[in-house]
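Counting from 0, one number per residue, gives the positions in the sequence shown under numbering that gives the first Met the number 0. Think of the CB as a built atom: it goes at the ideal place given N, C-alpha and C, for glycine as much as any other residue. Worksheet: the structure to be examined is printed underneath.
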Amino acid sequence: MKFWNDTELGVFSASKDIFVSPFYSDGKTFGTPTRISGVVVDGHFYIRPYNGMRSSWYQAAVTQQAGKIRIDGKDYLCTFHSARDAGVNDAVNKMYQSKYASSPYMPHMLLTRADGPVKATVEVLPRDGE
């Protein structure tokens, strides 16, 4: 399994210009880029859908488990993994509160309902062989 390097994590941590494009069902065609929010916690990059598990990009990401992210105009091929650990999500919540403190959308991103954004947290990793 590959991990992001420190330079990449620094870019991801600082950027608010993040888009996700999981593959369509053919496993080859990238989906329409969707603007999202993301944070770095303990050397790992996490993203959340505003609409939680109902989000179309989230459903594609957990089904296809691969695609790309675009951060500050650069594409990164990646894999997507559900992040269900409560300790991880607590740390991700704290980072969301810090990074997006001035955003009117931030409180919504901390909702813990059964199908909400916290339950739909996704870890993004670089794709092996890329």
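- If you check the CB distance, Gly9 and Ser20 do not come in under 8 Å.
- Closest in alpha carbon position to Gly26, among Gly66, Gly115 and Lys15, is Gly66.
- For Ala65, the beta-bridge partners assigned by DSSP are Thr78.
- Bounds of the beta strand (DSSP E) holding Phe18 are Ile17 to Pro21.
- By the Cβ criterion, the region 80-92 is in contact with the region 36-44, since at least three pairs of Cβ atoms, one from each stretch, lie closer than 8 Å.
- A distance below 8 Å separates the beta carbons of Tyr49 and Pro116.
- Secondary structure at Tyr99: coil, using DSSP grouped into helix, strand and coil.
- DSSP places Gly26 outside both helix and strand once states are collapsed to three, so it counts as coil.
- Beta-carbon to beta-carbon, Gln58 and Thr78 are separated by about 16 Å, too far to satisfy the 8 Å threshold.
- For His43, the CB contacts under 7 Å within the same chain, skipping 5 residues up- and downstream, are Glu122 in chain order.
- In the three-state DSSP reduction, Arg53 falls in the helix class (H, G or I).
- Judged by their CB atoms, Met108 and Arg34 are not nearer to each other than the 8 Å cut-off.
- Scanning Tyr23, Asp84, Tyr75 and Thr120 for the CA closest to the CA of Lys1 turns up Tyr75.
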